[in-house]
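Trainee: Numbering (our numbering), first residue to last: 31 to 238. Here's a structure for you.
Structure follows, in structure tokens:
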């Protein structure tokens, strides 16, 4: 069966479907209750939306199945509406101790990302701020379409050097296939609900 794939800008009505993809892809249910997992996914999506100047959502048969966000660092300015959304979703998440613990997890990841960028000792013009595709729809070329769309945006904006963060929970070899170069790596071990998880965090970049 051939699926119709359409790319378009993010719309608020995409939120629930995309947050659910985030929750499943990164296994947020391991943080505790399903309610906390859903709030964490929504908060993370809203946070990413404050850090972009370009979005493309992949729609398959009318359903959002992936999103990519790009950022022109020089032109970036967060719209007030998105900032308010992000603050509200973070307040919802942090209303419980379980939610606050989950938020602390992402604070640690943010600190790791900052360290990766600092280690590069390089000034970038742009960033691929977020990228996810529903695992059930992989193999249809959707990830490639989304990445090519953000690459076209970077070229249109004359952004010759851009970067992204990824880790071993992702298909990071995809970025190498697309011509990106690994520049930095940091190893870190987390303990969640009494279980230890070790990740390698990477910074990849692209120059044209």
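Beta carbons are placed, not taken as given, at the ideal position from N, Cα and C, and that holds for glycine.
(1) Which runs of the alpha helix (DSSP H) spanning at least 4 residues fall entirely within the region 163-231, listed in chain order?
(2) So, with DSSP's three-state summary, where would you put residue 103?
(3) If you draw a straight line from the alpha carbon of residue 141 to that of residue 159, how long is it in whole angstroms?
(4) Can you tell me whether DSSP reads residue 8 as helix, strand or coil?
(5) For residue 88, write down the residues that DSSP places opposite it in a beta bridge.
(6) Taking all protein chains shown into account, do 16 or more other C-beta atoms lie within 10 angstroms of the C-beta of residue 227, making it buried, or fewer, making it exposed?
(7) With DSSP run on the structure shown, which of helix, strand or coil describes residue 58?
(8) So what does DSSP say about residue 159, is it helix, strand or coil?
(9) Reducing DSSP to helix, strand and coil, say where residue 1 ends up.
(10) Residues in its own chain within less than 8 Å of residue 104 by CB, not counting five upstream and five downstream?
(11) Excluding five sequence neighbours on each side, which residues of the same chain lie with their C-beta closer than 6 Å to the C-beta of residue 241?
(12) So residue 210 packs on residue 183, CB below 8 Å; how close in whole Å?
(13) Residue 43: buried (16+ other C-beta within 10 angstroms of its C-beta) or exposed?
(14) Checking the sheet assignment: what are the DSSP bridge partners for residue 236?
(15) Pick out whichever of 82, 36, 132, 144 has its Cα sitting closest to the Cα of residue 59.
(16) Can you grab the Cα-Cα spacing for the pair residue 178 / residue 186, in whole Å?
(17) Say whether the region 193-211 touches the region 111-123, bearing in mind that this needs 3 or more beta-carbon pairs closer than 8 Å, one atom from each stretch.
Mentor: On the basis of the coordinates in this document:
(1) 172-186, 203-207
(2) coil
(3) 15 Å
(4) Lying outside 31 to 238, the shown extent of the chain, residue 8 is not represented and no answer is given.
(5) 37, 96
(6) exposed
(7) helix
(8) strand
(9) Any answer about residue 1 is impossible in this case: the structure gives the chain only from 31 up to 238.
(10) 155
(11) Past the edges of the chain, shown from 31 to 238, lies residue 241, and the structure says nothing about it.
(12) Not a contact, Cβ separation roughly 15 Å.
(13) exposed
(14) 192
(15) 132
(16) 12 Å
(17) no
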